[in-house]
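Residue numbers (my numbering), protein chains in the order written: chain A, 2 to 293; chain B, 127 to 462; chain C, 4 to 240; chain D, -7 to 305; chain E, 1104 to 1486.
Glycine residues also receive a C-beta, built at the ideal position from the N, C-alpha and C atoms.
Just below is one structure, and these are the notes that go with it.
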Amino acid sequence: METFVQQVLAGIATGGIYACMALAVVMIYQAIHHLNFAQGEMAMFSTFIAWQLLQWGIPYWLAFGLTVMISLAGGFILERTVFKPIENAPVLSHIVVFIALFAIFNSLAGFIWDFTIKPFPSPFGSAALFGEGLIGAHQAGMIVITLVVLLLLFAFFRYTRIGLAMRAAAANPESARLVGIRVGTMTGLGWGMASAIGSVAGILIAPMVFLEPNMMLSILLYGFAGAVLGGLTSPGGAVFGGFTVGVVENLAGTYIPVVGAELKLPIALFLIVAVLVFRPTGLFGHRVIQRV
Amino acid sequence: MTVGEENVSVTTPAQRAAAARTLSPGTALSLLLLAVMVLCPFFISGFQVFQLNLMLIYAIAIMGLNLLTGFNGQFSLGHGAFYAIGAYTAAILMDQFGVSYYWTLPAAGVICFVSGFLFGLPALRLEGVYLALATFALAVATPQMLKLSIFEHWTGGVQGIVILKPDAPFGLPLSQDQWLYFFTLAIGLLLYWAARNIVASRSGRALMAIRDNPLAARSMGINVALYKSLAFGVSAFFTGIAGSLGAIVIQFVAPDSFTFVLSVALLVGLVVGGVGWLPGALAGGAFIVFVPNIAEEISKGLSGAMYGVMLILLIYLMPTGAGGLIRTVSDRLRRR
Amino acid sequence: MSASLSVRGLEASYGAFKVLHGLDFEIAEGSVTTLLGANGAGKTTTLRALCGMIRRSGTIEFDGRSIARMKTEDIVRLGIAHVPEGRGTFTSLTVEENLQLGAMTRRGGDNIAQDIDRIYSFFPRLKERAAQQAGTLSGGEQQMLAIGRALMLRPRLMLLDEPSFGLAPLIVRELFAILADIRANMGVSMLLVEQNATMALELADQAYLIETGSIALSGSAAEIRDNDSVRNSYLGY
Amino acid sequence: MRNGRSIDFALACAGGRRARIPHQRQVGFQKARSGDSGCRPAGVRGDAGVNAFAQAQDRQPLLSVRDIAVHFGGIKALDGVSFGLERGQILGLIGPNGAGKTTLFNCLSRLYTPTSGDILFAGATLLDRPAHRVAESGIGRTFQNLATFSRLSVRDNIRIGAHSASNSDIASDALRLPWVRRNEAEIDGVVDELIDYLELARVADMPASGLPFGTLKRVELARALASKPTLLLLDEPAGGLNHDEITELGERIRKIRDDRNVTILLVEHHMNLVMAISDIVVVLNFGRKISEGSPATVQADPEVIRAYLGDGK
Amino acid sequence: AAAQDPGVTDTTVKIGNIQPYSGPASAYSQIAKTSVAYVNMINETGGVCGRQVEFISYDDGYSPPKTVEQARKLVESDEVFLIFNSLGTPTNSAIHKYMNAKQVPQLFVATGASKWGDPDNFPWTMGWQPNYVAEARIYARYILDTKPDGKIGVLYQNDDYGKDYLNGLKDALGDKADEMIVSEQPYEVADPTVDSQVINIKAAGADVFVNITTPKFAAQAIKKAAEIGWQPLHILNSVSNSVGSVLKPAGFENAKEIISANYGKDPQDPQWADDEGMKKWHAFMDKYYPDGDKTSSFTVYGYGVTQTLEKVLKASCDDFTRAGVMKSAANMQDMTTDTALPGITMNTSEGDFYPIEQMQLMKFNGERWELFGDVIDGSAATN
Ligand SMILES: Nc1ncnc2c1ncn2[C@@H]1O[C@H](COP(=O)(O)OP(=O)(O)OP(=O)(O)O)[C@@H](O)[C@H]1O
Ligand SMILES: Nc1ncnc2c1ncn2[C@@H]1O[C@H](COP(=O)(O)OP(=O)(O)OP(=O)(O)O)[C@@H](O)[C@H]1O
Ligand SMILES: [Mg+2]
Ligand SMILES: [Mg+2]
């Protein structure tokens, strides 16, 4: 029983990591109706930027803000430069370019900052809060920030015209142009926001897993899983999904005999796919009906 | 007879003629290519033959992926899994049961068809991104499954399985590399022929109809669920055979040989070769084998980045892959 | 009076295949011009070319200002609304969101709500479906939505590609009444592509007949109405 | 074994398809049907189909819609509609936008399942058939908003129409076995005939995307006919056609009914067309049937005028 | 000159090397970079046996098929003299047979798996570092001495490396293994954290924590254990006992009292500040690999292993053939390197292909490792 509670708490703590990333995933999905496989590496790169700024002695929150700004601009510019030439290329070609970006960011980061792990400071410290330190001050802080980002995102899509424009641009670019939406700008903005959220996620995650070029490799997958489980169209769902994945994974690893420990991740993923089979657009994603 | 068609009609015969004209160069070209592929093993080093062999093997795997993604519109980031199943089938059969290498191919094919078909069933309900995640999950889970200690007796666990490379039969004056190359080439041609038949057949049309418009396809009497699963099965069949060939040529299988990187490589190969264009698989295979080496030549420390940059440039050069490029070029020629 | 839209030598093609072979036509301020033509003649292509949805060449002047090089979104921002062939519904969004998008480029959210109500008063069915996913609407309902969305822009020029497509007779009549009303009270000029030639010619001032991408016949609506070939093939009397 | 059966099938179907002389048409037609029922893999085809054809000759009507309702959440797209349709008739189905016409079509092709009510086709219920087994029972359709296979050539689009009327398995297809080749030849025969019949020769080898709207409507018609339907559902076939083309279409529909003995259910908003070619007209409004009868009676029905036609006439 | 083996001329010798420069394992490529730098140093100081060394290093991204390709490229088209220090167990396994069939030395492979010392079946393959099994034995014996009735929890990487350690530990504990080991928790390299595993081990009531992890996860585990206020007897495998790249990130206060074993000197450890060997190493780093990471144990490793190669090659001058090199590799007597701990020597023979088998235990005092006990021979640890 005690183990159970501990594993759940630990699951929530790591789930926080996934939830952060899941938000970034939802953001990009709303903007391009697809997953960006380079997103994790972009977040990692942003985190290195933050780390560099801190090394230069810039105070934490200033560095934080700067990084978010840089990532926002970076994401926007990246989309406008790299993807402009292939605007009309099929989606698979875009996915391949995501993969290329993945390779580029990963290898650049290793080249610039090498592969040895780096401690990353937490603004909240690591004091044990409860669960005998299972949820420390940092985890708590991270969860709070995640929820704040969630609210902002939710409001953005629900109540702002630009949010609506962005969804429209992703859903039907041609018609979007016909109502005067600058589709390119919207996509760029979407990338910007996604990479900004990604940078926040990275900065919050790094203190827990240590900063290094492969930091996000698996976390992105968990982020996808969380977002997809919750429903890619629902920020709230994504966060819920993230936490669920964290908890389920731990419980699977602890309680499923024989293979549990060895197959933590596969089992978690299997469960998610199982859920999808029954709710093909995730737990909270809204179903788009096709008709003739 | 309406105006619109007059319009069209003007162009059609021209295009038909053009088609006729470009057809012969097309076949000529492919025959030339074939000739080159048959002859070159005699003029290059064993190691290069080995590389070409790998290229062919990846091409076969990509061809399988193409049937699923290009012709049926289902998106898979997990084909490395089927490649792995094929490879392990071959390795286990040869290592534990002393089966001769050529019998492992059909076995691998069948096993992969079944697993592909079964995976296709839940995948039925998933589309686009959701399917992408499911398949990606499969890719990520594969090495861990292969490591699983309860299968260790067969899979050799983390240590993997070492197998022996076959010699050329009936005392043919061929090195192991050359023999395996021709073996692979033959299998590849056979599968290519089969793939083309499928695409040109009733089943193939059903697959493409589902890709273009599932609802209409259903109303035309196409059992969408069945054909989608079949697509997965057949696709896995091809990729699995490629996997077993891979195992035979590499002489070794281990979980680390089949990480998600492999699945991603196959997808990249598919797109570079041209989605929905079977011969593109060759270009894709070549990309998988050679481009990383080129990237490494340029810069060791940044080989990853170089690879990425080259990939992007390639996509700029041919946004719809080699297939698309060739199509546009031949269109240009036509208009002359 | 200043030509609201004037087109000279408009050409457009799809890939290798040229569809428009140099069209010239005018739309006077606040007037309605209609394009007639068999299917495949190039009417839709003309409208698409005008608002930059396909590559085109020639001179296109809107209020004396060339829009031949402009991007679609900028052209729309000048107040040119397009009811496209195939309706271009945002199928995954709600009916209401679709209408809001129509007003996307209008600065200030001021009286958008009123305009939406106005659209609802034109097409009550849309009001009943306001919160529904637009993709589930019936064909005709989606057509109404497309028209409503275009009106939300408060356009100065409307490009209407078969607005009566799939609408019930009663609604068609109402639609033309609405168009007439808008034209009269708001001075909106219109380029109308319509298979229902009878009603189109009733509404229009000017008319052009397109055949295989070039203008075969032009004149005032009245003249065209009396042309025999048009009578036979478009009006049927 | 498998092949053996399929060869009979080819012959049987051939027998059916070659039948062109009026009084034999009926017979030949059934041969074709029972023929391909014979060559379907066991299990794919239930008894419904077979009964259908047994009963088809004597029992009328061909189609009877019995009090069907379709509800989407609160929306009653269809709310207890009943009508019958006899062999060889053309029934015009009209009504305001959103009245439920397409929804009814979607029920007939089993893309939707009625909330209540039943649909009998040739005496057997359709509701126990999945959508992909409707075509083989003899119902073909076109779509209101084009649903062609855009990347495929017109010819392939039509070939796909013949899917349900032929048979193969992916393995034999991959090996291009003799009987597969025979089937393909069989299909191509049907397709070529339709291409001539609907004057599509000029566009036959072009991709569907980018063809003019009216042409694509004809492609859909050809595709539907390729499955040798007994009942043909046409959803607004005249959309985007001018007066001339509509008259032409009207004649074509009649012709199809006559020389292919197809029964036709037609949804259209072009009154001249509907009233010109329909034997009976059914009017829906808000998912209910508000009127039924000969074109003349319906046109005169004040209810219909108020709800649909308007009195501007 | 007499018939020479491929890759050798009177003035040059080609050495091949395979390491993951790309992909998840790319951290290790620092080793190869160090080797390259070291070879430059050799060449500037006259090369070996009057020959300049040409060092060809390829990337295999830690993927066995790619390793095979690269190995064949080195052997068949670059025609290298030998392949040196190729990294990884699965990768080396993939070329194990090939290298021996081709009779090309597969020298000093960069993995501690026990299978590399099998001269009867694989006379052309030799390891270098103490193998994992041997190291595990040392820990087992330490546990049996200090906590004979301790409850052991093991955190191990779920691959050959982790399992070698685990098995080594088990058979050294002998029949006590079952009762003593209360929890075995595997983790995947793909796991973001090992928190859950650490918690399970603690929950199982373990008071001895055997931490068989690579640097990142080692640091995580150390940090986590401290966060949840768990102070077992913490044994950390040598793979991750670098002060600079593990203990510092994990936090010195958290790393206090950790036990580990080592055979090389830690560059961060002040006690080697004016040690002859380490001075050489620092000089080398400054001159030949200035942008190298001095806090990482990889650069030390790279220096040590390449120096061993240098010595072996120099020992083969009179018979500079592949066979000759293998002979002198199999004939090390109390050979040492600048970076090896005092008293740690390399010894090999026809029957013994394990160069380094000795290690010394050490305890972290909060800022540096304190060696204690005497140098232990892992191979002899149990008997
Ligand atoms: N996307 C496209 N690709 C290639 N050709 C096209 C494309 N769209 C239209 N065309 C061709 O351009 C010509 C004109 O098409 P357009 O849609 O303008 O006809 P239209 O006058 O609008 O008639 P309708 O609307 O009744 O189809 C037609 O011959 C058509 O085949
Ligand atoms: N899947 C669905 N979900 C919700 N509502 C639906 C769905 N399908 C149809 N409807 C509603 O049911 C009503 C009937 O739709 P249907 O397409 O049958 O109308 P219709 O008679 O074909 O109209 P039209 O003449 O415009 O094509 C419409 O109001 C539509 O909004
Ligand atoms: Mg048009
Ligand atoms: Mg309808």
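Using a cutoff of 7 Å, the CB of serine 141(C) counts as near ligand 4, since one of the ligand's heavy atoms is closer than that.
In this structure, ligand 2 has a non-hydrogen atom nearer than 7 Å to the beta-carbon of glutamate 144(C). The three-state secondary structure of proline 292(B), taken from DSSP, is coil. By the rule that beta-carbons nearer than 8 Å mark a contact, aspartate 457(B) does not touch chain D. Here isoleucine 245(D) has Ile82, Leu226, Pro229, Ile256, Leu258, Ile269 as same chain residues with Cβ atoms under 8 Å from its own Cβ, once five neighbours each way along the sequence are excluded. Not one heavy atom of ligand 2 lies closer than 7 Å to the C-beta of asparagine 253(D). Scanning its chain for C-beta atoms nearer than 7 Å, with the 5 sequence neighbours on each side dropped, one finds around leucine 104(C) the residues Phe93, Arg152, in chain order.
Between valine 149(A) and isoleucine 198(A) the beta-carbon gap is near 11 Å, outside 8 Å, which marks them as no contact.
Cβ atoms of phenylalanine 201(B) and leucine 257(B) come within 8 Å of each other, at about 6 Å.
Counting other Cβ atoms within 10 Å of its Cβ, glutamine 1206(E) stays below 16 and is therefore classed as exposed.
For serine 1299(E), the distance from the CB to the nearest heavy atom of ligand 1 is not below 7 Å. None of the residues of the region 41 to 65 of chain A has a beta carbon lying less than 8 Å from any beta carbon of chain E. Sorting Thr1440(E), Glu1413(E), Gly1446(E) by C-alpha distance to the C-alpha of glutamate 1157(E) places Glu1413(E) at the top.
By the neighbour-count definition (other C-beta atoms within 10 Å, threshold 16), glycine 43(C) is a buried residue.
Pairing proline 91(A) with asparagine 1234(E), the inter-Cα distance amounts to about 51 Å. Per the Cβ contact rule, the region 1338 to 1346 of chain E is in contact with the region 1359 to 1370 of chain E (3 or more Cβ pairs under 8 Å). Residues of the region 1380 to 1404 of chain E with a C-beta less than 8 Å from any C-beta of chain A: Asp1396, Thr1398, Ser1399, listed in chain order.
For the C-beta of valine 92(A), not a single chain D residue is nearer than 8 Å; the gap to the nearest is close to 15 Å. Scanning the region 277 to 336 of chain B for uninterrupted beta strand (DSSP E) segments of 3 residues or longer gives nothing; none is fully contained.
Put simply, the CB of glutamine 291(A) is near chain C, with a gap under 8 Å to one of its CB atoms.
When distances are taken from the beta-carbon of valine 62(D) to the heavy atoms of ligand 4, even the shortest one reaches 7 Å or more.
Under the DSSP assignment, serine 361(B) falls in the alpha helix (DSSP H) whose first and last residues are 350 to 376.
Under DSSP, phenylalanine 113(D) takes part in a beta bridge, and its partners are Leu55(D), Ala116(D).
The C-alpha of aspartate 1378(E) lies about 19 Å from the C-alpha of aspartate 1477(E). Cβ atoms of lysine 1326(E) and asparagine 1357(E) come within 8 Å of each other, at about 6 Å. One Cα belongs to serine 123(A), the other to alanine 1324(E), and the distance between them is close to 18 Å.
The residue among Gly247(A), Ser200(A), Ala207(A), Ser235(A) with its C-alpha nearest the C-alpha of tyrosine 223(A) is Gly247(A). At least one heavy atom of ligand 4 falls within 7 Å of the beta-carbon of aspartate 227(D). Asparagine 137(D) is a Cβ neighbour of valine 293(A), given a cutoff of 8 Å.
Per DSSP, the unbroken alpha helix (DSSP H) holding aspartate 188(D) starts and ends at 170 to 189.
Relative to ligand 3, the nearest heavy atom lies less than 7 Å away from the CB of aspartate 164(C).
Every beta strand (DSSP E) of 3 residues or more that sits fully in the region 1242 to 1275 of chain E is shown, in chain order, as 1255 to 1260. In summary, glutamate 88(A) is exposed, with fewer than 16 beta-carbon neighbours lying within 10 Å of its beta-carbon over all protein chains present.
In the three-state scheme derived from DSSP, where H, G and I count as helix and E and B as strand, asparagine 1365(E) is classed as strand. Contact annotation: glutamine 198(C) and glycine 232(D) have beta-carbon atoms nearer than 8 Å. Within chain C, no C-beta atom comes nearer than 8 Å to that of arginine 81(A); the closest sits roughly 14 Å away.
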